[in-house]
Amino acid sequence: MLNFRLRKIKILFLSVVGLVVFLMVIGIFVLKNNYYFRQNYLLMQIYNLQGNLALSSEKISNEGQTMTRISRESAVSVPILLYHGVIDDSEWKPDEVNVKMTDFRDQMFAVKKAGFQTVTLDDLSAFMRGEKKLPKKSFLLTFDDARKDSYYPVDPILNVLDYNAVMFVIAGRSLEADEGTENFHLTKKELEKMMATGRWEIGSHTKYGHDLQKISAEGAKGHFLSDRIWLDSENRLENAEEYKARVSKDLEESRNDLEKELDIEVSGFAYPFGDYGHNSKNFPESRKILADIARKNFAFSFRQAGESEFIGNFPGRDFTLLKRADINSAVSPSQLVSLLSGTMGKSIPYYDNFFKNQGWKKAWGDLLLKDGRLVTLSSPSENGSLVFLDGTFQWQDYEFKAKVSVLRGRHFAIVARYQDGNKYVSCDFLEDEAILVQKLNGQESEIRKSDTNESLANGREVDIGISVSGDEAACLIEGKAVLTGKIDQELNHGGIGFKTWDEKENNSYLAVKDVRVENIEK
Numbered sequence: 000m001l002n003f004r005l006r007k008i009k010i011l012f013l014s015v016v017g018l019v020v021f022l023m024v025i026g027i028f029v030l031k032n033n034y035y036f037r038q039n040y041l042l043m044q045i046y047n048l049q050g051n052l053a054l055s056s057e058k059i060s061n062e063g064q065t066m067t068r069i070s071r072e073s074a075v076s077v078p079i080l081l082y083h084g085v086i087d088d089s090e091w092k093p094d095e096v097n098v099k100m101t102d103f104r105d106q107m108f109a110v111k112k113a114g115f116q117t118v119t120l121d122d123l124s125a126f127m128r129g130e131k132k133l134p135k136k137s138f139l140l141t142f143d144d145a146r147k148d149s150y151y152p153v154d155p156i157l158n159v160l161d162y163n164a165v166m167f168v169i170a171g172r173s174l175e176a177d178e179g180t181e182n183f184h185l186t187k188k189e190l191e192k193m194m195a196t197g198r199w200e201i202g203s204h205t206k207y208g209h210d211l212q213k214i215s216a217e218g219a220k221g222h223f224l225s226d227r228i229w230l231d232s233e234n235r236l237e238n239a240e241e242y243k244a245r246v247s248k249d250l251e252e253s254r255n256d257l258e259k260e261l262d263i264e265v266s267g268f269a270y271p272f273g274d275y276g277h278n279s280k281n282f283p284e285s286r287k288i289l290a291d292i293a294r295k296n297f298a299f300s301f302r303q304a305g306e307s308e309f310i311g312n313f314p315g316r317d318f319t320l321l322k323r324a325d326i327n328s329a330v331s332p333s334q335l336v337s338l339l340s341g342t343m344g345k346s347i348p349y350y351d352n353f354f355k356n357q358g359w360k361k362a363w364g365d366l367l368l369k370d371g372r373l374v375t376l377s378s379p380s381e382n383g384s385l386v387f388l389d390g391t392f393q394w395q396d397y398e399f400k401a402k403v404s405v406l407r408g409r410h411f412a413i414v415a416r417y418q419d420g421n422k423y424v425s426c427d428f429l430e431d432e433a434i435l436v437q438k439l440n441g442q443e444s445e446i447r448k449s450d451t452n453e454s455l456a457n458g459r460e461v462d463i464g465i466s467v468s469g470d471e472a473a474c475l476i477e478g479k480a481v482l483t484g485k486i487d488q489e490l491n492h493g494g495i496g497f498k499t500w501d502e503k504e505n506n507s508y509l510a511v512k513d514v515r516v517e518n519i520e521k
């Protein structure tokens, strides 16, 4: 009780000190007579005071326990978080892009309490090249657009938590902004002050490439980087060479301008809208051209991860196109901790009784954990579902078994060597058939099929499995192989999952329990 009262007195003392500092800062900037900067700076002091008070309260609630539990183990992969605006407005309604300031604060405090620590771009570079080990609970924190509301509310929280972050700047909007007017984006002077904290790094988010462009005579809009634009003066689309010259000029100038004006080295680039050419409306060839241009100008490029992808970034892979998880207010603090925890590499043997989600994610359809079972089912507008276990991307040779019950639908599968929604091997069970299938670049092909003599999609519980070793795969029923076959060498690693399908929408439902994975020794 005495310790608790002493802590309360400490908080009161800190509050008084903070108030005195706050009033002193007001006086300083009143004398400076610079209202525009004064307002932003004072807001930052308020955020800083709020963060310190929240940290003190957190320590009291834990009765003296340390807030951070640093792991001595090394990271297998590094997840990257993406934020845009951090909104400090009680009347603001959450959307899919931004996050409320109090939600962001709670998210960051939760991941800090769970033992996660931020890394720098240099740390990430060395890790991806296999030159440096990072703590198991490492992540990179990034913000796009260099908006004022992604710096002023955020920096005090980073300061309190000893975190750092990367800001991707739209060079044309920030470097060419008039310092004496109200701007949505940070100005050059503000970027300089931001970097002076030692908590921020800067990357490129193009020079002028964040505005939608006219891409047809009818006025259709497309993305600056992935589409050929319409040339009104010549009544035509630009050709491939003109596209390449335009995009090359923008990315090169964005890097050069940031480096020259801010006296820094820019190694990272984030694609606006997460579009790296894969969403082009009129120029699918842009994906390869754009990748080559980005690789020429930057050591790293960043995109948003799709729902069917592993979020972690693994060393030795192509780190010119790193994946980020887009976070907003819809993600609760506990969900964010689970998301980051799920990316950590899992080891074999692996067992799951589904009383807690260990990293299962849906690629499409729905999933839920109920009464010690994982349930994967189609949503009302879909014919099936696909779920996979995060943290298993690097698994290679193993036997994966589970007990399943098909409660609705006629087709289900157990999945192995899962790399993403377009690349995996599966044992598909359809009425009285078992089919060994591989999927590469989105194209499915049957390797072998065999009769099972009975339907497995009849509601009864059955033990199914799949084994993968080298280029060989086998489908198992009740522990026995019912067919085997050779798979493509591109499928030499990957994780586990389940899939359902039916001709009717919203008519597939698979219940899973007792997942077991064992190594196969060659």
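Just so you know, we're using numbering that gives the first Met the number 0 here: the sequence shown kicks off at 0 and counts up by one.
Using N, Cα and C, we set each Cβ at its ideal position, and we do this for glycine too.
If you're wondering where the values come from, they're calculated on a predicted model, not measured in any experiment.
Where do the ends of the beta strand (DSSP E) carrying residue i lie?
i: Gly496; result: Gly494 to Trp500
i: Gln418; result: His410 to Asp419
With DSSP as the reference, label residue i as helix, strand or coil.
i: Thr342; result: helix
i: Leu388; result: strand
i: Arg227; result: coil
i: Pro93; result: coil
i: Asn255; result: helix
i: Arg323; result: strand
i: Val118; result: coil
i: Pro152; result: coil
i: Ile310; result: coil
i: Lys99; result: strand
i: Glu217; result: coil
i: Pro271; result: helix
i: Arg128; result: coil
Roughly how many angstroms separate the alpha carbons of residue i and residue j, rounded to a whole number?
i: Lys355; j: Asp210; result: 43 Å
i: Glu477; j: Gly464; result: 8 Å
i: Ser173; j: Lys187; result: 6 Å
i: Gly469; j: Pro134; result: 31 Å
i: Ala412; j: Asp487; result: 19 Å
i: Asp226; j: Val461; result: 50 Å
i: Leu335; j: Ser425; result: 30 Å
i: Asn327; j: Leu140; result: 13 Å
i: Met343; j: Ser384; result: 24 Å
i: Ser279; j: Lys448; result: 38 Å
i: Asn506; j: Thr375; result: 11 Å
i: Pro348; j: Phe399; result: 10 Å
i: Ala433; j: Glu445; result: 11 Å
i: Asn33; j: Asp144; result: With a pLDDT of only 42 at Asn33, under the threshold of 50, the placement of this residue in the model should not be trusted, and no figure is reported.
i: Val516; j: Leu435; result: 19 Å
For residue i, collect the residues of the same chain with a Cβ closer than 7 Å to its Cβ; drop the 5 residues on either side in sequence, then sort them by chain order.
i: Gly371; result: Asn352, Phe353, Phe354 and Lys512
i: Glu430; result: Arg409, Ser454 and Ala456
Quick check on the burial criterion: 16 or more other C-beta atoms within 10 angstroms. Buried or exposed for residue i?
i: Thr530; result: With the chain represented from 0 up to 521, any question about residue 530 goes unanswered, as that position is not in the structure.
i: Pro271; result: buried
i: Glu200; result: buried
i: Arg323; result: buried
i: Val467; result: buried
i: Phe183; result: exposed
i: Lys206; result: buried
i: Asp148; result: buried
i: Glu189; result: buried
What residue range is occupied by the uninterrupted alpha helix (DSSP H) comprising residue i?
i: Tyr397; result: Premise fails: Tyr397 lies in the beta strand (DSSP E), Tyr397 to Arg407, not in any alpha helix (DSSP H).
i: Gly305; result: No alpha helix (DSSP H) contains Gly305, which DSSP labels as neither H nor E.
i: Arg294; result: Ser285 to Asn296
Tell me which residues share the same chain as residue i and place their Cβ nearer than 6 Å to its Cβ, disregarding the 5 neighbours each side in the sequence.
i: Leu475; result: Gly464
i: Phe392; result: Phe309 and Gly494
i: Lys402; result: Glu460, Asp462, Lys512 and Asp513
i: Ser378; result: Gly364 and Asp365
i: Gly171; result: Lys206 and Tyr207
i: Val96; result: His83
If I measure Cβ to Cβ from residue i and keep anything under 8 Å in the same chain, skipping five residues before and after, which residues do I get?
i: Ser73; result: Lys132, Leu133, Pro134 and Lys135
i: Ala113; result: Arg68, Lys136, Val336, Leu339 and Ser340
i: Leu439; result: Asn421, Lys422, Asp487, Glu489 and Leu490
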